[in-house]
């Protein structure tokens, strides 16, 4: 849930130019801890995972802090016929979060990170986009692993 929420937040920041401070505050005060819809779903015995707020905050702040590096990494990892600036904003948010975790946060194995972002992609898109996410993040992981050996 932290990863999904981070992707949604980056998308919102990109679409609305909302500040990261406002996003973090909104999620903490409105969307998680004081959410009438979420409370109603829980009462109806639906089980929604609660996001790990620490992980969410680390991903969002990490992506924003390393934006320039992440953009360069992604531009080098996409194939020649794909232009990063032309990608759908949500897809770009997914790739940014995945790239951040692979290159700047070693707390989760790369295979797990890639799988998580493929699953997030499948929640919003069809197969082609998930294949793109898989290919790009896998390429980044291989390059990053080689640099760290």
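Numbering (this note's numbering), first residue to last: 12 to 160. Using N, Cα and C, we set each Cβ at its ideal position, and we do this for glycine too.
8 Å Cβ shell around residue i - same chain, five flanking residues per side excluded
{"i": "residue 151", "result": "84, 85, 88, 109, 110, 113, 114"}
{"i": "residue 100", "result": "22, 25, 26"}
Sequence-distant residues of its chain with Cβ nearer than 6 Å to residue i (five each side left out)
{"i": "residue 75", "result": "31"}
{"i": "residue 143", "result": "none"}
{"i": "residue 104", "result": "18, 21, 22"}
Which listed residue (the options) has its alpha carbon closest to that of residue i
{"i": "residue 15", "options": "128, 146, 148", "result": "128"}
{"i": "residue 122", "options": "144, 149, 97", "result": "149"}
{"i": "residue 64", "options": "36, 141, 135, 136", "result": "36"}
{"i": "residue 155", "options": "67, 79, 135, 120", "result": "120"}
Through-space distance from residue j to residue i, alpha-carbon basis
{"i": "residue 70", "j": "residue 17", "result": "6 Å"}
{"i": "residue 34", "j": "residue 102", "result": "19 Å"}
{"i": "residue 2", "j": "residue 146", "result": "There is no way to answer for residue 2, as the model of the chain reaches only from 12 to 160."}
{"i": "residue 46", "j": "residue 125", "result": "Bear in mind that the predicted position of residue 46 carries a pLDDT of just 49, short of 50, making it unreliable; the figure below should be weighed with that in mind. If I take the Cα positions, the gap works out to 30 Å."}
{"i": "residue 78", "j": "residue 94", "result": "17 Å"}
{"i": "residue 29", "j": "residue 38", "result": "13 Å"}
{"i": "residue 137", "j": "residue 97", "result": "18 Å"}
{"i": "residue 141", "j": "residue 66", "result": "23 Å"}
{"i": "residue 130", "j": "residue 153", "result": "20 Å"}
Neighbour-count burial assignment, residue i, 16 or more Cβ in a 10 Å radius
{"i": "residue 132", "result": "buried"}
{"i": "residue 118", "result": "exposed"}
{"i": "residue 90", "result": "exposed"}
Chain-order list of residues whose beta-carbon lies under 7 Å from that of residue i (same chain, five-residue window excluded)
{"i": "residue 116", "result": "69, 73"}
{"i": "residue 81", "result": "74, 107, 110, 111"}
{"i": "residue 135", "result": "101"}
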